[in-house]
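Chains W and E supply the protein sequences, listed in that same order. Those letters in the first sequence? Residues 109 to 372, per the working numbering, in order. Those letters in the second sequence? Residues 41 to 381, per the working numbering, in order.
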Amino acid sequence: MKIVVCIKQVPDTNEVKLDPVTNTLIRDGVPSIINHDDKSGIEAALVLKERFGGTVTVVCMGPPQADLALREALAMGCDDAYLISAREFGGSDTWATAAIISAALKKIGYDLIITGRQAIDGDTAQVGPQIAETLGIPQVSYAEEIYDIEDGNKVIVKRQYEDRYHIIEVKMPCLLTALTELADPRYMHAGGIIDAYEKEIPVIGYEDLKDDLVLEHIGLKGSPTNVFKSFTKQAKGTGELHKELSPDEAVELIIKKMEDRHII
Amino acid sequence: MSRDIYVVAEQRDGEIAKVSFELIGEATKLAADLEQKVVGVLMGDQIKDKAQSLIEAGADSVVYVEDKMLAEYVTEPYAKALTAIIKECDPEILLFGATSIGRDLAPRVASRVHTGLTADCTKLDIDVWKANEEDPGQKLLFMTRPAFGGNIMATILCKHYRPQMATVRPGVMKRIPVDHSRTGEVKEIKVEFKPEDMNVVIREIVKEEHKKVDITEAKCLISGGRGIGSPEFYGTLQEVADIIGGEISSSRANVDAGWIARDRQVGQTGKTVRPELYMACGISGAIQHVAGMEGSEYIIAINKNDTAAIFDVADLGIVGDVRVIMPKLVDALKKYKVANA
Chain W
109 MKIVVCIKQV
119 PDTNEVKLDP
129 VTNTLIRDGV
139 PSIINHDDKS
149 GIEAALVLKE
159 RFGGTVTVVC
169 MGPPQADLAL
179 REALAMGCDD
189 AYLISAREFG
199 GSDTWATAAI
209 ISAALKKIGY
219 DLIITGRQAI
229 DGDTAQVGPQ
239 IAETLGIPQV
249 SYAEEIYDIE
259 DGNKVIVKRQ
269 YEDRYHIIEV
279 KMPCLLTALT
289 ELADPRYMHA
299 GGIIDAYEKE
309 IPVIGYEDLK
319 DDLVLEHIGL
329 KGSPTNVFKS
339 FTKQAKGTGE
349 LHKELSPDEA
359 VELIIKKMED
369 RHII
Chain E
41 MSRDIYVVAE
51 QRDGEIAKVS
61 FELIGEATKL
71 AADLEQKVVG
81 VLMGDQIKDK
91 AQSLIEAGAD
101 SVVYVEDKML
111 AEYVTEPYAK
121 ALTAIIKECD
131 PEILLFGATS
141 IGRDLAPRVA
151 SRVHTGLTAD
161 CTKLDIDVWK
171 ANEEDPGQKL
181 LFMTRPAFGG
191 NIMATILCKH
201 YRPQMATVRP
211 GVMKRIPVDH
221 SRTGEVKEIK
231 VEFKPEDMNV
241 VIREIVKEEH
251 KKVDITEAKC
261 LISGGRGIGS
271 PEFYGTLQEV
281 ADIIGGEISS
291 SRANVDAGWI
301 ARDRQVGQTG
311 KTVRPELYMA
321 CGISGAIQHV
331 AGMEGSEYII
341 AINKNDTAAI
351 FDVADLGIVG
361 DVRVIMPKLV
371 DALKKYKVAN
381 A
């Protein structure tokens, strides 16, 4: 069974820098982590490998520095890794990103693809389902638990909704999007870290994928959506701040405001 | 020529989701700006009687697809139905609720028809993209949403592809008053489903036994963060909520710690709420939390730390100990109720 986990390296969202010309994120120099949902996906894949055998390949589309995220995944126990990176891919929206990653996945091969539900920078939750559509395979999103794999190719998974859940049986090849709850990521182990730095991580670039891609449909120029402008939110005007009230005075003031606003 | 604003009306067991009515309400404003119409989209099994409720909520007409395969949400049958509607109707704009269904269906369909999709929009406007050389004066949907964990806002355009698609979270837009006198055309779109369209097997459907609380409906929210000190303290917050007619809610930290159920979580990865009153008790005001509640009409914050970020959004900020203040508030409210009965 070949499991492929798609991960994203995301900026620590406490520090954000934007390129004022293109309105896209400047990734160099900003502290980075593996997106939380994706890390749970890696863990889920490693657990499946332990239970059922097979291999876990991790792929990441990003700038050259995303190599670090892949090495961390290798150190957790993934078998091999690929970096999907090229100038032509930069500035892609989710449609274009899914087209590129799908082209790479076609080359790499897969039985089960696991992506995170959503990344903490783009926050769209779109790429996973869009990869599944591009590859023409079934998707199960909001995967909260993977119960079993039956007959070597049927995944039994819990699909979460707000008011219910489904227990779904889906045949491979298929794609799951992982909630953070899917699994508790393990730490890298010392041996894994050493191995991770000795492994070669092939880079898949535009030349490798161009037969499966339309250049006019990817990158900043080709994406169906683009950022018109970005701006920091206007701080809501600060209201009144009381630092010196006693608890009783505070309670009195709260009740007065509730009264004024017809809450009580 | 693409035309009109279509709103996908999400339904479960035949009941239409609140967010769908909110989006129809918003769509009426956009349609007025565009001088076009609002069309409700219904998909389900034996669903066409629900069309009238969409029209009364503001839709000018409804299109629907009915089939047994659409009884319970599964990605492929719904994607097939919606794609057929798009191909037949050629919408200018297509809106979805950003729910666990919308966020599964919308990207799949956007990919299938090759168009742009913008997620979790907090603001929608019709405006002219001034740098448009091919078609100056063309009106586009300007879609504004938080990004990078809520640190910044971004306005997105889908210039050359149609429909312009967007998802919007429940509780962000407002529905308009119901008008029972409204009428409109209800049209069926026929879709031929094949057995292989059901490409997964639903082995079991388990509905949550305890009726999940919908904090987005609450008039007032008494919300607890790390500063409440213990899970038991939610009992005190609940007392306040009960007296004033509200619900309790929480920041993410306490939910992750198992102190309270996830359906109470407010924030970027939780729910967006806009109650008349939001009391933030022992909540520091991390950006991801604020993103979920800053639209509240009146915000009271209590925190021991006078530099807590929550005070930047609070209408009334009190530096103090929630564990001392809240029990006193319960007593004072009880006395108030007796005195004003």
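Think of the CB as a built atom: it goes at the ideal place given N, C-alpha and C, for glycine as much as any other residue.
- DSSP, reduced to helix, strand and coil, places Ser-151 of chain E within a helical segment of the structure shown.
- In its chain, beyond the 5 residues on either side, Lys-110, Val-112 and Pro-281 have a beta carbon closer than 7 Å to the beta carbon of Tyr-218 of chain W.
- Considering only beta carbons, the part of the region 224-248 of chain E lying closer than 9 Å to chain W consists of Asn-239, Val-240, Val-241, Ile-242, Arg-243, Glu-244, Ile-245, Val-246, Lys-247 and Glu-248, in chain order.
- DSSP places Cys-168 of chain W within a strand segment (E or B) once states are collapsed to three.
- If you draw a straight line from the Cα of His-370 of chain W to the Cα of Asp-201 of chain W, it comes to about 46 Å.
- Across the structure, Asp-231 of chain W and Phe-339 of chain W are spaced so that their CA atoms are roughly 16 Å apart.
- Residue state for Leu-349 of chain W is assigned as strand, using DSSP reduced to three classes.
- Under the DSSP assignment, Lys-215 of chain W falls outside any beta strand (DSSP E), being part of the alpha helix (DSSP H) whose first and last residues are 202-216.
- The Cβ of Ser-289 of chain E sits no closer than 8 Å to any Cβ of chain W.
- Ile-327 of chain E places its beta carbon 8 Å or farther from that of Gly-267 of chain E.
- Contact of Val-59 of chain E with chain W is not assigned, every C-beta pair being separated by 8 Å or more.
- Closer than 7 Å at the C-beta level to chain W, one finds these residues of the region 337-363 of chain E: Tyr-338, Ile-340, Asp-346, Phe-351, Asp-352, Val-353, Ala-354, Asp-355, Leu-356, Gly-357, Ile-358, Val-359 and Gly-360.
- DSSP places Gln-247 of chain W inside the beta strand (DSSP E), whose first and last residues are 247-258.
- In the structure shown, Met-109 of chain W adopts coil according to DSSP, grouped into three states.
- Between the beta-carbon of Val-246 of chain E and that of Tyr-273 of chain W there is about 5 Å, and that keeps the pair under the 8 Å contact cut.
- One alpha carbon belongs to Gln-92 of chain E, the other to Met-213 of chain E, and they sit about 21 Å apart.
- Only those residues of the region 329-340 of chain W whose C-beta falls short of 8 Å from the nearest C-beta of chain E are listed: Ser-331, Pro-332, Thr-333, Asn-334, Val-335, Phe-336, Lys-337, Ser-338, Phe-339 and Thr-340.
- When the Cα atoms are used, Ala-348 of chain E and Val-330 of chain E turn out to be separated by approximately 12 Å.
- Contact of Leu-157 of chain E with chain W by beta-carbon distance below 9 Å involves Asp-201, Thr-202, Trp-203, Thr-232, Gln-234, Gln-238, Pro-332 and Thr-333.
- Of all residues in the region 136-152 of chain E, only Ala-138, Thr-139, Ser-140, Ile-141, Arg-143, Asp-144, Leu-145, Ala-146, Pro-147, Arg-148, Val-149, Ala-150, Ser-151 and Arg-152 place a beta-carbon less than 9 Å from a beta-carbon of chain W.
- Short of 6 Å from the beta carbon of Tyr-314 of chain W, and not among the five residues preceding or following it, lie these beta carbons of its own chain, in chain order: Ala-194 and Glu-196.
- When the Cα atoms are used, Tyr-104 of chain E and Asp-130 of chain E turn out to be separated by approximately 15 Å.
- DSSP assignment within the region 110-175 of chain E yields the following whole beta strand (DSSP E) runs of 3 residues or more, N-terminal first: 131-137, 157-161 and 163-168.
- With distances taken between CA atoms, Pro-315 of chain E lies nearest to E:Leu-261 out of E:Leu-261, E:Ile-358 and E:Ile-229.
- Per DSSP, the continuous beta strand (DSSP E) segment holding Arg-43 of chain E begins and ends at 43-49.
- Residue contact check for Arg-292 of chain E against chain W: no CB pair falls below 8 Å.
- The secondary-structure analysis by DSSP pairs His-274 of chain W across a beta bridge with W:Arg-267 and E:Ile-245.
- Within chain W, the residues whose beta carbon sits less than 8 Å from that of Glu-316 of chain E are Arg-369 and Ile-371, listed in sequence order.
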